[in-house]
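Student: Quick one: the structure is below, and I'll ask about it shortly.
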Amino acid sequence: MLSLPQRSLRLLTLTLFMALLLLTGCQTAPQKGLTPAQITVLKQQGFELTDEGWAFGLSGKVLFGSDDDSLNRQSTEIVERIGKALLGVGIERVRVDGHTDASGKEAYNEQLSVRRARSVGKGLAAVGMKEEDIQLRGLGSSVPVATNNTSSGRTENRRVSIVVIAD
1 MLSLPQRSLR LLTLTLFMAL LLLTGCQTAP QKGLTPAQIT VLKQQGFELT
51 DEGWAFGLSG KVLFGSDDDS LNRQSTEIVE RIGKALLGVG IERVRVDGHT
101 DASGKEAYNE QLSVRRARSV GKGLAAVGMK EEDIQLRGLG SSVPVATNNT
151 SSGRTENRRV SIVVIAD
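The sequence shown begins at 1 in the numbering used here and counts up by one.
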């Protein structure tokens, strides 16, 4: 039979062990991905879920003129609105994909698409996104969303996509 101090020690040990188990069960792993509030804002801004993450939807693409890499006033307002909305819900990292139509040489189109992405990146940085959190990609004419055989198709292909990737 155990003495009173031994029983007390055993009870204390058992109690501490149970408390430790309970505390371990209360721990939660850090959340990965986007929160419901972030997803709501992305949808409100016109982003759609794609294989690569949340991409600014086709209807909201920032379009460019032929051989042009500068944002007009309306496009600048769109980029700034998106940047502020993303920062407002704690989304600080994005990828900006520049695109061109198939007119011109491939090497030139790749450079032009990078310059387009850079223009949008500058707009995002202007509202507070850190430049190191804005990844730029120039895809040239490699990912068309419309035919390059028509003027309207080429216009749609001259665009920039803003992509949010859930970590």
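Virtual Cβ for every residue (Gly too), placed ideally from N, Cα, C.
Bear in mind the structure is a predicted one, so any value in this text is a computation, not a measurement.
Short of 7 Å in beta carbon distance, which residues of its chain neighbour Phe56, apart from the five on each side in sequence? Order them along the chain.
Tutor: If you number the sequence shown from 1, residue 56 lands on position 56. So the list reads Gly46, Phe47, Ile82, Ser161 and Ile162, once near-sequence residues are dropped.
Student: So, for Leu139: in the same chain, excluding its five sequence neighbours on each side, which residues have a beta-carbon less than 6 Å away from its beta-carbon?
Tutor: In the sequence shown, counting from the first residue as 1, residue 139 sits at position 139. A distance below 6 Å between beta-carbons, with the five flanking residues on each side excluded, links Leu139 to the following residues of its chain, in chain order: Asp97, His99 and Ser113.
Student: Tell me whether Val163 sits in a helix, a strand or coil according to DSSP, three-state version.
Tutor: Within the sequence shown, the letter at position 163 stands for residue 163. Note: Val163 maps to strand in three-state DSSP.
Student: Out of Arg137, Gly104 and Arg93, which one is the CA nearest neighbour of Ala125?
Tutor: The count along the sequence shown starts at 1 and reaches residue 125 at position 125. Residue Arg93 is the option with its Cα nearest to Ala125.
Student: If we count Cβ pairs, one from each stretch, closer than 8 Å, do we get three or more for the segment 104 to 111 versus the segment 127 to 141?
Tutor: yes
Student: Exposed or buried, what is Gln31 when buried is set at 16 or more other beta-carbons lying within 10 Å of its beta-carbon?
Tutor: What you label residue 31 is simply residue 31 of the sequence shown in a count that begins at 1. For Gln31, the predicted model reports a pLDDT of 47, less than 50, meaning its position is unreliable and no value from the coordinates is stated.
Student: Compare the C-alpha of Ala102 against each of Pro36, Gln44, Leu49 and Gly153 and name the closest.
Tutor: Position 102 of the sequence shown, counted from the first residue, corresponds to residue 102. Comparing Cα-Cα distances from Ala102 to each of Pro36, Gln44, Leu49 and Gly153, the minimum goes to Gly153.
Student: Using C-beta distances below 7 Å, list every residue in its chain close to Ala29, excluding the 5 sequence neighbours before and after it, in chain order.
Tutor: Locating residue 29 in the sequence shown gives position 29, counting from the first residue. Reliability fails at Ala29, whose pLDDT of 43 lies under 50, so the model's placement of it is uncertain and the value that follows must be treated cautiously. Cβ within range, chain order: n/a, list empty.
Student: Along the alpha helix (DSSP H) that carries Gly88, what are the first and last residues, could you check?
Tutor: Within the sequence shown, numbered from 1, the residue matching residue 88 stands at position 88. Following the DSSP letters along the chain, one finds Gly88 inside the alpha helix (DSSP H) bounded by residues Arg73 to Gly88.
Student: Under 8 Å between the Cβ atoms of Val164 and Glu156?
Tutor: Stepping through the sequence shown from its first residue, residue 164 is reached at position 164. Stepping through the sequence shown from its first residue, residue 156 is reached at position 156. Their beta carbons are not under 8 Å apart, which means Val164 does not touch Glu156 by this criterion.
Student: Between Leu34 and Ala166, which are expected to be in contact by the criterion C-beta below 8 Å, what is the C-beta distance as a whole number of angstroms?
Tutor: Translated into positions along the sequence shown, residue 34 becomes position 34. Translated into positions along the sequence shown, residue 166 becomes position 166. Leu34 to Ala166, Cβ: 5 Å. Contact.
Student: What are the boundary residues of the beta strand (DSSP E) that includes Val94?
Tutor: Within the sequence shown, the letter at position 94 stands for residue 94. Per DSSP, Val94 belongs to the beta strand (DSSP E) from Val94 to Gly98.
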